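Single-structure report; data block below.
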Amino acid sequence: MSVDMATGSSAALQVPQFSGENYQIWVVKMRSYLKSFGLWEYVAEDKQVPALRANPTIAQIKQHEEEEMKRDKAVTCLHSALKDFVFTSIMHLETAKEIWDELKERYEGSERVRNVKMLTLKREFEMLKMKESESVKDYSSKLSELVNQMRLYGETMEDYKVVEKMLISLPEKFEAKVAAIEESCDLKKMTISEMVSKLQAQEQRMSMRSNDVTEGAFQARLQEKQNFDKGKGKMDGGSSESAGKSKFPPCSTCKRINHLSKDCWHKGKPQF
1 MSVDMATGSS AALQVPQFSG ENYQIWVVKM RSYLKSFGLW EYVAEDKQVP
51 ALRANPTIAQ IKQHEEEEMK RDKAVTCLHS ALKDFVFTSI MHLETAKEIW
101 DELKERYEGS ERVRNVKMLT LKREFEMLKM KESESVKDYS SKLSELVNQM
151 RLYGETMEDY KVVEKMLISL PEKFEAKVAA IEESCDLKKM TISEMVSKLQ
201 AQEQRMSMRS NDVTEGAFQA RLQEKQNFDK GKGKMDGGSS ESAGKSKFPP
251 CSTCKRINHL SKDCWHKGKP QF
């Protein structure tokens with residue numbers, strides 16, 4: 001069960017848990033969680049609570065106490081989000097900002113490391129192309145995953161850039177569809193899901209045509225085989241008939257098999 005960090009009451013919103021993996025994803029979730037309780041400024045900026053002036057009013061005292069409590073709640077919120085072995089590495093730190101910065105340094109790396117990672121992701125993005133054997137669904141999922149990683153590292157990647165990348169990285173079989181999309185659509189207004197839907201529809205049409213061609217080729221081969229078998233049967237039948245007529249042993253004079261040696265015309269006798 002989670003706790004409403006502002007009121008202390010039970011709430012349905014769970015604290016995002018961090019176990020040392022997928023730090024970039026956890027950061028996004030945790031930032032949203034802290035903002036929802038008005039605690040983010042105590043984490044990002046280490047907001048300090050001004051000291052009370054002399055002779056404060058009851059309202060001022062109450063507000064000061066609430067501000068002090070928010071600083072403590074921000075720390076408690078981060079503590080609650082960490083698994084034990086992660087927590088032990090930051091439990092000596094006192095402020096929420098110190099904890100946040102330590103986690104960032106430990107699990108995201110230094111600025112130099114992050115820059116190297118970003119360059120690697122950009123290189124992968126530029127080189128990524130759809131394979132002939134790959135489906136639109138699989139390729140778009142791979143591309144989206146790469147784009148999401150880049151965004152987690154701070155890269156601004158608008159949808160239209162992903163749409164353009166998708167168009168220029170498709171196999172040649174999509175060339176006609178790509179040309180049609182470029183002529184009829186405003187790529188800067190097209191979402192990634194719209195582009196994927198158009199390409200999947202084209203993929204389905206190509207698959208249906210391919211099945212029709214395959215079926216036609218199969219029927220043609222089947223007909224060809226049937227015709228061949230019929231022709232072979234006629235040839236075999238003719239051979240049998242000829243064999244029936246040519247049942248004599250080879251003639252000792254002319255070596256033919258359509259007569260007996262005694263009837264060979266070479267001996268002056270007629271051939272039957």
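Number 36 in the UniProt record's numbering belongs to position 36 of the sequence shown; there are no gaps in the numbering. Where is the CB? At the ideal position from N, CA and C, for every residue including glycine. Nothing here was measured: the structure is a model prediction, and the numbers come from that model.
Neighbourhood of residue i by C-beta distance below 7 angstroms, restricted to the same chain and skipping five residues each side
{"i": "E124", "result": "L146"}
{"i": "A130", "result": "Checking the sequence shown, residue 130 turns out to be Met, not Ala. Cβ neighbours of M130 beyond the five flanking positions: Y139, S169, L170 and P171."}
{"i": "Q202", "result": "F174 and K177"}
Helix, strand or coil at residue i according to DSSP, with G and I counted as helix
{"i": "F37", "result": "coil"}
{"i": "L167", "result": "helix"}
{"i": "F125", "result": "helix"}
{"i": "P16", "result": "coil"}
{"i": "R256", "result": "coil"}
{"i": "K262", "result": "helix"}
{"i": "K245", "result": "Because the pLDDT of K245 is 49, which lies under 50, any placement of that residue in the model is unreliable, and the number read from its coordinates should be weighed accordingly. DSSP places K245 in helix when its eight states are reduced to three."}
Exposure of residue i, with buried meaning 16 or more beta-carbon neighbours within 10 Å
{"i": "Q204", "result": "exposed"}
{"i": "M127", "result": "exposed"}
{"i": "Q48", "result": "exposed"}
{"i": "V163", "result": "buried"}
{"i": "K73", "result": "buried"}
{"i": "residue 273", "result": "No answer is possible for residue 273: the residues shown for the chain start at 1 and end at 272."}
{"i": "L39", "result": "buried"}
{"i": "F248", "result": "exposed"}
Presumed contact (8 angstroms Cβ cut-off) between residue i and residue j, rounded CB distance
{"i": "Q200", "j": "K137", "result": "7 angstroms"}
{"i": "A81", "j": "F18", "result": "6 angstroms"}
{"i": "residue 274", "j": "Y153", "result": "Residue 274 is absent from the structure shown; the chain starts at 1 and stops at 272."}
{"i": "V15", "j": "Y33", "result": "6 angstroms"}
{"i": "E102", "j": "I90", "result": "5 angstroms"}
Opening and closing residue of the alpha helix (DSSP H) in which residue i lies
{"i": "T76", "result": "I58 to A81"}
{"i": "F85", "result": "D84 to F87"}
{"i": "E182", "result": "E175 to S184"}
{"i": "Q149", "result": "V136 to L152"}
{"i": "K104", "result": "A96 to Y107"}
Contacts around residue i, its chain only, beta-carbon distance under 8 angstroms, and the 5 residues preceding and following it disregarded
{"i": "A44", "result": "K97 and W100"}
Other residues of its chain near residue i: CB distance less than 6 angstroms, five sequence neighbours each side excluded
{"i": "K142", "result": "none"}
{"i": "L121", "result": "Q149 and M150"}
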